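Before any comments, here is the structure.
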Amino acid sequence: MQPDAPTYTCAMIPPAPRTLDRREGPFGEVVLRERGEHFEIIANGCFLMDTSDGRSERLLIDAALRSLPAGRTGPSVLIGGLGVGFSLVRAAEEERWGRIVVVERERAIVDWHRQGPLDRISGAALADPRTEILHTDLVAHLRTATERYDALCLDIDNGPDWTVTEDNGSLYSPTGLAHCHGRLTPGGVLAVWSAQPSPAFEQALRNAGFSGVRTEEVTVARGVPDVVHLASRNHREAA
Numbered sequence: 007m008q009p010d011a012p013t014y015t016c017a018m019i020p021p022a023p024r025t026l027d028r029r030e031g032p033f034g035e036v037v038l039r040e041r042g043e044h045f046e047i048i049a050n051g052c053f054l055m056d057t058s059d060g061r062s063e064r065l066l067i068d069a070a071l072r073s074l075p076a077g078r079t080g081p082s083v084l085i086g087g088l089g090v091g092f093s094l095v096r097a098a099e100e101e102r103w104g105r106i107v108v109v110e111r112e113r114a115i116v117d118w119h120r121q122g123p124l125d126r127i128s129g130a131a132l133a134d135p136r137t138e139i140l141h142t143d144l145v146a147h148l149r150t151a152t153e154r155y156d157a158l159c160l161d162i163d164n165g166p167d168w169t170v171t172e173d174n175g176s177l178y179s180p181t182g183l184a185h186c187h188g189r190l191t192p193g194g195v196l197a198v199w200s201a202q203p204s205p206a207f208e209q210a211l212r213n214a215g216f217s218g219v220r221t222e223e224v225t226v227a228r229g230v231p232d233v234v235h236l237a238s239r240n241h242r243e244a245a
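For the sequence shown, my numbering assigns the number 7 to the initial residue and increments by one for each residue that follows.
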C-alpha cells in the first residue's frame with residue numbers, strides 16, 4: 007500500500023490593488039485604491055489607511071468620549087483627518103456628541119466621500135446635521151482658530167514618529183501641542199492615533215501641560231499594536 011499523498015495548502019493570495027483615482031494636491035500625490043472588497047488610501051507613496059479593520063479609528067472617538075468629565079452634555083469633537091471615514095462614522099453613531107467637525111486638507115479625499123466610492127461608508131454620517139467638513143490644513147487650523155472643542159481626535163499620520171509629510175511634524179512639537187491645548191475646553195481631551203506606541207510623545211504631552219496622559223492599545227494581526235495616545239487639559243484651568 008502506498009502512503010497517502012502529501013497535502014499542500016496554498017496561502018490565500020491577496021487580490022492586486024486597482025487604482026480608482028489618483029490626484030496631485032498641494033501636499034503631494036494621493037491615491038484611492040480598491041483591493042477586493044476594501045479601499046485604501048496612499049499618500050505620497052506611503053500607505054495611510056484602509057477599510058479592512060477600523061477598530062483603532064473607532065477607539066479614537068470612544069476613548070475621547072469616555073475621558074471627558076462626567077455630566078458634560080452635548081460635547082463638541084474636532085476630528086483631524088477624514089481618511090476612510092471610520093472615525094466620523096463612529097462619532098455620528100453616538101448621540102451624545104453635540105457637534106462634529108472634520109478637518110481634511112485633501113480635496114480628493116473629501117470628494118471620494120461626497121461623490122465617490124467612500125460614500126457608502128460615510129454617506130449617512132456626512133448627512134448628519136451635526137457634521138461639518140472643513141477643507142483646510144489641520145496644523146494651520148489649530149494655530150489660527152479661536153473656537154474651542156471638548157475633544158480633539160487626530161489621525162493625520164501613521165503616528166507622531168512617522169508623519170505623512172514633513173510639515174505635519176510641527177503638530178507634535180511643543181508649539182503644536184500648545185496649540186492643541188489652547189483649542190480645548192477645560193477638561194477637554196486630546197486623542198492621537200498612532201501605528202505604534204511612542205513613550206517620547208507621552209513625555210512631550212506631559213511637558214506641554216497635559217494631565218492624565220496614557221495610551222490605549224488595539225491588537226493587530228501582525229506587528230506592534232495600534233494605539234491611541236490620550237491626554238486632558240486640566241478642568242480647573244480658565245477657558
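Ideal Cβ placement from N, Cα and C applies to all residues, glycine included. Given the structure is predicted, the values throughout are model-derived calculations rather than measurements.
Would you kindly work out how many angstroms separate the C-alpha atoms of Val219 and Ala184, rounded to a whole number?
Residue numbering aside, residue 219 sits at position 213 when the sequence shown is read from its first letter. Residue numbering aside, residue 184 sits at position 178 when the sequence shown is read from its first letter. Their Cα atoms are separated by approximately 15 Å.
TODO: Please list, in chain order, all residues of the same chain as Cys186 whose beta carbon is under 7 Å from its beta carbon, the five residues on each side excluded.
DONE: On the sequence shown, residue 186 is found 180 positions in, with the first residue counted as 1. Cβ neighbours of Cys186 beyond the five flanking positions: Leu148, Leu158 and Leu196.
Enumerate in chain order the residues of its own chain whose CB-to-CB distance from Ala237 is below 6 Å, with the five nearest sequence positions on each side excluded. Sequence index remark: in the sequence shown, residue 237 carries index 231 (1-based). These residues qualify, in order along the chain: Leu196, Leu211, Phe216 and Val219.
Next item on the list: Kindly list the residues whose CB is nearer than 7 Å to the CB of Ala201, restricted to its own chain and excluding five residues on each side of it in sequence; keep chain order.
Entry: As a position in the sequence shown, residue 201 is number 195, starting the count at 1. Once the five neighbours on either side are set aside, the close Cβ partners of Ala201 are Asn164, Gly165, Trp168 and Asp232.
| message | Can you look up Thr1 in the DSSP assignment and give me helix, strand or coil? | response | The chain is shown only over 7 to 245; residue 1 falls outside these bounds and no answer can be derived.
message: For a test of the three-state rule: what should DSSP assign to Phe45, helix, strand or coil?
response: Reading the sequence shown from its first residue, position 39 is the one you call residue 45. Three-state result, Phe45: strand.
Next item on the list: Compute the beta-carbon to beta-carbon distance between Arg136 and Arg105, rounded to the nearest angstrom, for a pair I have assumed lies under 8 Å.
Entry: The residue labelled residue 136 in the question sits at position 130 within the sequence shown. The residue labelled residue 105 in the question sits at position 99 within the sequence shown. Arg136 to Arg105, Cβ: 6 Å. Contact.
Quick check: what's the CA-CA separation for Leu140 versus Gly86? Residue mapping note: residue 140 aligns to position 134 of the sequence shown, counting from 1. Residue mapping note: residue 86 aligns to position 80 of the sequence shown, counting from 1. One Cα belongs to Leu140, the other to Gly86, and the distance between them is close to 10 Å.
| query | For Val109, which beta-bridge partners are listed by DSSP? | reply | Reading the sequence shown from its first residue, position 103 is the one you call residue 109. Answer by DSSP bridge pairing, in chain order: Gly86 and Leu140.
With a threshold of 16 other CB atoms inside 10 Å of the CB of Asp143, please say whether the residue is buried or exposed.
Translated into positions along the sequence shown, residue 143 becomes position 137. So Asp143 ends up on the buried side.
| task | Answer yes or no: do Arg39 and Thr57 have a C-beta to C-beta separation smaller than 7 Å? | result | The residue you call residue 39 lines up with position 33 of the sequence shown. The residue you call residue 57 lines up with position 51 of the sequence shown. Contact: no.
Neighbour-count burial assignment, Val226, 16 or more Cβ in a 10 Å radius: Here residue 226 is taken as the residue at index 220 of the sequence shown, counted from 1. Flag for Val226 reads exposed.
- Starting from the C-beta of Pro75, find all residues in its chain whose C-beta is less than 8 Å away, skip the five residues before and the five after it, and write them out in chain order. Residue mapping note: residue 75 aligns to position 69 of the sequence shown, counting from 1. These residues qualify, in order along the chain: Gly193 and His241.
Of the listed residues Leu88, Thr152, Ile162 and Val170, nearest to Gly188 (C-alpha basis):
Numbered from its first residue, the sequence shown carries residue 188 at position 182. Residue Thr152 is the option with its Cα nearest to Gly188.
Determine the DSSP secondary structure at Gly165, reduced to helix, strand or coil. Working through the sequence shown from its first residue, we reach residue 165 at position 159. In the structure shown, Gly165 sits in coil (DSSP, three-state: anything other than H, G, I, E or B).
For this session: Classify Thr191 as buried or exposed, calling it buried when 16 or more other Cβ atoms lie within 10 Å of its own Cβ.
Result: Position 185 of the sequence shown, counted from the start, is the residue given in the question as residue 191. Answer is buried; the Cβ neighbour count reaches 16.
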